[in-house]
Amino acid sequence: MSLPKEYDDLPGTVVFDADQARKGYHLNMFCMSLMKAANRAEFKADEAAYLQKFPMTAEQREAVLKRDWNRMIALGGNIYFMAKLFSSDGLSFQHVAALMTGSTQEQYAQMMLQGGRSIDGNRSKSGRKSARSKTGRSKRG
Numbered sequence: 772m773s774l775p776k777e778y779d780d781l782p783g784t785v786v787f788d789a790d791q792a793r794k795g796y797h798l799n800m801f802c803m804s805l806m807k808a809a810n811r812a813e814f815k816a817d818e819a820a821y822l823q824k825f826p827m828t829a830e831q832r833e834a835v836l837k838r839d840w841n842r843m844i845a846l847g848g849n850i851y852f853m854a855k856l857f858s859s860d861g862l863s864f865q866h867v868a869a870l871m872t873g874s875t876q877e878q879y880a881q882m883m884l885q886g887g888r889s890i891d892g893n894r895s896k897s898g899r900k901s902a903r904s905k906t907g908r909s910k911r912g
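When the letters of the sequence shown are read in order and numbered with the numbering used here, they come out as residues 772 to 912.
Structural data, given as structure tokens:
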């Protein structure tokens, strides 16, 4: 179990640090295995059986089978490794990012073209007090 870190309270954010890398090692190695066409074919033929080749947790296997992208991240998945999985499914980064944010691909693309999501409500909970001016309004920065 890891010690609490300053960035643990970032809303909606899992920082891929050394602890996450250790937690997700086998999940990410599964994803990397999909770089080979033979492995992709074997996985597509029987996903559950193929996943048994990797000593992942039951939660990780379930997240893969359900394509629960946010849960995979929480369980140590790295989006750049997970790209091998969603690419195998014929999905783009933009499509999966939209799914992860609960929006359509078009809505997600528009949000990004407009500068991304607002920082309001998306800063560290512990840093919110220090980010306020005398008027009580959040500083942008």
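For each residue, glycine too, the CB sits at the ideal point set by N, CA and C. All values derive from a computational prediction rather than experimental measurement.
- Per DSSP, the continuous alpha helix (DSSP H) segment holding S804 begins and ends at 789-804.
- The shortest C-alpha to C-alpha distance from Q865 to any of E877, S859, K855, L856 is the one to E877.
- Per the coordinates, the alpha-carbon of R888 lies some 17 Å from the alpha-carbon of N841.
- Just measuring C-alpha positions, the residue of M871, K776, A809 sitting nearest S859 is A809.
- Residue range 808-816 is occupied by the alpha helix (DSSP H) that includes R811.
- Note that the C-beta distance between L846 and E830 is below 8 Å.
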